[in-house]
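*Asks:* Sequence positions in the sequence shown follow this note's numbering and run 1306 to 1504. Using N, Cα and C, we set each Cβ at its ideal position, and we do this for glycine too. Quick one: the structure is below, and I'll ask about it shortly.
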Amino acid sequence: MVVDVGVKWRKQKHRSNKCIKTRWWNLNGGKMALFKDKMLQGDPWRVEGEPNMIWDEMASRIRNTAREVLGESRGRGPPTKETWWWNEEVQQAIKVKKECYKRLHKCRNEDNYKCFRQARKDAKKAVREARGKACEGLYQKLETNDGEKDIYRIAKQRERRTEDLIRIKCIKDEADRVLVKEDEINERWRTYFDTLFND
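Here you go:
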């Protein structure tokens, strides 16, 4: 008996959170001089016309020149890791593990492999112990009266981490002062909509 089977493989799509940025942090040394020269080349800055149009032209020219000279990031940052409980011992163990990995990557032999395995084992042990000590101290602290307040602070931090990053972080009031505190921003929105709908 012969059976022909056709199986369709669906490639799983990963949601990308890429945020491509201009590499402004590279604006130093020779790149700064090159950026300045490129900005001063070509047609001079226009100073007549509507302010918004002048501003948009200047901003787009600066951004385009910066992209050309400085380049853009790929939009992927380093993975976020919890390091609040790290100590010198953990950092040293991780450093040794990385060095052993580099040696193993350069020359794959049994000695380098054993060295890397031992360093990895030691690093895991150091991480486990340091994290256990830090969490133990945290749990003891949470059992006190002051610790009860910390529970709410930790819950608030966790809630903030899950919020959208597109939230408005600053806004101007009637006097064109920049407001950055959340309660001031909320109050400004309340007064704005109050005047908008009631006047």
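Consult DSSP for E1489 and reduce its assignment to one of helix, strand or coil.
*Replies:* Helix, per DSSP.
*Asks:* Taking contact to mean 3 or more Cβ pairs, one atom from each stretch, closer than 8 Å, check whether the region 1367-1382 and the region 1326-1343 are in contact.
*Replies:* In short, these stretches touch, since the Cβ pair count reaches three.
*Asks:* Within 10 angstroms of its Cβ, does V1395 collect 16 or more other Cβ (buried), or is it exposed?
*Replies:* Buried: at least 16 other Cβ atoms inside 10 Å.
*Asks:* Under DSSP, the alpha helix (DSSP H) around I1459 begins and ends at which residues?
*Replies:* Taken as a continuous stretch (DSSP letters only), the alpha helix (DSSP H) holding I1459 covers 1450-1467.
*Asks:* What is the DSSP secondary structure of I1476, reduced to helix, strand or coil?
*Replies:* Residue state, collapsed to three classes: strand.
*Asks:* At 3 residues or longer, and completely inside the region 1410-1451: list those beta strand (DSSP E) runs for me, N to C.
*Replies:* Taking only runs of at least 3 residues, no beta strand (DSSP E) segment lies wholly in the region 1410-1451.
*Asks:* Touching or not, the region 1432-1441 and the region 1402-1411, by the rule of three or more beta carbon pairs under 8 Å?
*Replies:* No: the two stretches stay apart, fewer than three of their Cβ pairs being nearer than 8 Å.
*Asks:* Do the CB positions of A1480 and A1431 come within less than 8 Å of each other?
*Replies:* Not a contact, by the Cβ cut-off of 8 Å.
*Asks:* Under DSSP, the alpha helix (DSSP H) around G1311 begins and ends at which residues?
*Replies:* Here G1311 belongs to no alpha helix (DSSP H), and DSSP marks it neither H nor E.
*Asks:* Pull up the distance between the alpha-carbon of F1498 and that of D1361, whole angstroms please.
*Replies:* Distance between the alpha carbons of F1498 and D1361 is about 28 Å.
*Asks:* I'd like to know whether the C-beta atoms of D1455 and K1461 end up nearer to each other than 8 Å.
*Replies:* Contact: no.
*Asks:* Classify A1424: buried if its beta carbon has 16 or more other beta carbons within 10 angstroms, exposed otherwise.
*Replies:* Buried, by the Cβ-count rule.
*Asks:* Mind checking who L1375 pairs with in its DSSP beta bridge?
*Replies:* Answer by DSSP bridge pairing: none, since L1375 is not bridged.
*Asks:* Which of helix, strand or coil does DSSP assign to L1339?
*Replies:* Three-state result, L1339: helix.
*Asks:* Apply the 10 Å Cβ neighbour rule to A1364 and answer buried if 16 or more other Cβ atoms are within range, or exposed otherwise.
*Replies:* With fewer than 16 Cβ atoms within 10 Å of its Cβ, A1364 is classed as exposed.
*Asks:* Quick one: Cα of E1453 to Cα of F1421, how far?
*Replies:* Going from the Cα of E1453 to the Cα of F1421 covers about 43 Å.
*Asks:* How many Å lie between F1502 and R1458 at the Cα?
*Replies:* Cα to Cα, the separation comes out at about 36 Å.
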